[in-house]
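S.K.: Residue numbers (our numbering), protein chains in the order written: chain D, 1 to 212; chain L, 213 to 222. Yeah, the Cβ is synthetic: ideal placement off N, Cα and C, and Gly gets one too.
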Amino acid sequence: MNIFRLAGDMTHMFSVLVLLLKIHTIKSCAGVSVKTQELYAIVFATRYLDIFTSFVSIYNTFMKLVFLGSSFSIVWYMRYHKAVHRTYDREQDTFRHWFLVLSCLLLALLIHEKFTFLEVLWTFSLYLEAVAILPQLVLLQRTRNIDNLTGQYIFLLGGYRGLYILNWIYRYFTEPHFVHWITWITGLVQTLLYADFFYYYFLSWKNNKKLN
Amino acid sequence: LDALLTHDEL
Numbered sequence: 001m002n003i004f005r006l007a008g009d010m011t012h013m014f015s016v017l018v019l020l021l022k023i024h025t026i027k028s029c030a031g032v033s034v035k036t037q038e039l040y041a042i043v044f045a046t047r048y049l050d051i052f053t054s055f056v057s058i059y060n061t062f063m064k065l066v067f068l069g070s071s072f073s074i075v076w077y078m079r080y081h082k083a084v085h086r087t088y089d090r091e092q093d094t095f096r097h098w099f100l101v102l103s104c105l106l107l108a109l110l111i112h113e114k115f116t117f118l119e120v121l122w123t124f125s126l127y128l129e130a131v132a133i134l135p136q137l138v139l140l141q142r143t144r145n146i147d148n149l150t151g152q153y154i155f156l157l158g159g160y161r162g163l164y165i166l167n168w169i170y171r172y173f174t175e176p177h178f179v180h181w182i183t184w185i186t187g188l189v190q191t192l193l194y195a196d197f198f199y200y201y202f203l204s205w206k207n208n209k210k211l212n
Numbered sequence: 213l214d215a216l217l218t219h220d221e222l
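1) So the candidates are 110/D, 128/D and 160/D; which of them puts its Cα closest to the Cα of residue 36/D?
2) Under the rule that 16 or more other beta-carbon atoms within 10 Å means buried, what is residue 106/D, buried or exposed?
3) Quick test of your reading: residue 70/D and residue 39/D, contact by CB under 8 Å. State the CB separation rounded to the nearest angstrom.
4) By the three-class DSSP mapping on this structure, what secondary structure does residue 179/D have?
5) Could you give the residue range of the alpha helix (DSSP H) that holds residue 130/D?
6) Taking the alpha-carbon of residue 18/D as reference, which of 183/D, 45/D, 125/D and 155/D has the nearest alpha-carbon?
7) Would residue 208/D be called buried (16 or more neighbouring beta carbons within 10 Å of its own) or exposed?
8) Taking the alpha-carbon of residue 26/D as reference, which of 87/D, 46/D and 188/D has the nearest alpha-carbon?
9) Cβ of residue 56/D less than 8 Å from any chain L Cβ?
10) Residue 200/D: beta carbon under 7 Å from a heavy atom of the ligand SAM?
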């Protein structure tokens, strides 16, 4: 464990907990894409299957439970909680995310490190996580506005990805044989997706005007 | 080596 990875995990946990807390507190999910949240729930469900078979550490298991619990709770609130569901922007959140699931599944069947059930699903979860933010970014462009929470959510997610890249650089130089091309490439693609959002987020913050 | 194979990152 290194400081970059710990900071990355904390930032990631904070991003999902802030989102869950906001939805729970103000009973609204305006501006939030349920499709992105569903994709994240699938990412965690397919990546953390080994929670029952391989024990890495208390921290690892605890964090997996936090991510699973928070992502499924957010989907539950947005889909089944009456007050929250009413504020869900169905007309604008129309990204056909099942195509993303299908293409990531096919890609995982083609490119993976080991052809085993857990390994293919783990690789699938990496590919899916890289594109999971797309429905949210599309919704953000459509609604043209960004209430401070959605911006913070995406900002923290981008921060987590950036810190993980620093973590991989650190581990590459400190651990022999630490080479995970699939993880690195998907992580880089995901971080690049956030790059343009960061550019406009920074501009709006610098000029102190609403993000458009 | 097994430690390397099992995914220790979240």
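M.R.: Based on what the coordinates show:
1) The residue given as residue 36/D occupies position 36 in the first sequence. The option with the nearest alpha carbon to residue 36/D is 128/D.
2) Locating residue 106/D in the first sequence gives position 106, counting from the first residue. The residue in question, residue 106/D, is exposed, as its Cβ has fewer than 16 Cβ neighbours within 10 Å.
3) Taking the first residue of the first sequence as position 1, residue 70/D is located at position 70. Taking the first residue of the first sequence as position 1, residue 39/D is located at position 39. Under the criterion of beta carbons closer than 8 Å, residue 70/D and residue 39/D do not qualify as touching, at roughly 14 Å.
4) Position 179 of the first sequence, counting from 1, holds the residue named residue 179/D. Three-state DSSP puts residue 179/D in coil, outside helix and strand.
5) Translated into positions along the first sequence, residue 130/D becomes position 130. Segment 117 to 131, the alpha helix (DSSP H) holding residue 130/D.
6) If you number the first sequence from 1, residue 18/D lands on position 18. Cα-wise, what sits closest to residue 18/D is 155/D.
7) Here residue 208/D is taken as the residue at index 208 of the first sequence, counted from 1. Label assigned to residue 208/D: exposed.
8) In the first sequence, counting from the first residue as 1, residue 26/D sits at position 26. With distances taken between Cα atoms, residue 26/D lies closest to 87/D.
9) For the purposes of this step, residue 56/D is taken as residue 56 along the first sequence, with counting starting at 1. Yes, residue 56/D counts as interfacial toward chain L.
10) As far as ligands go, the structure on display features none, and thus does not contain the ligand SAM.
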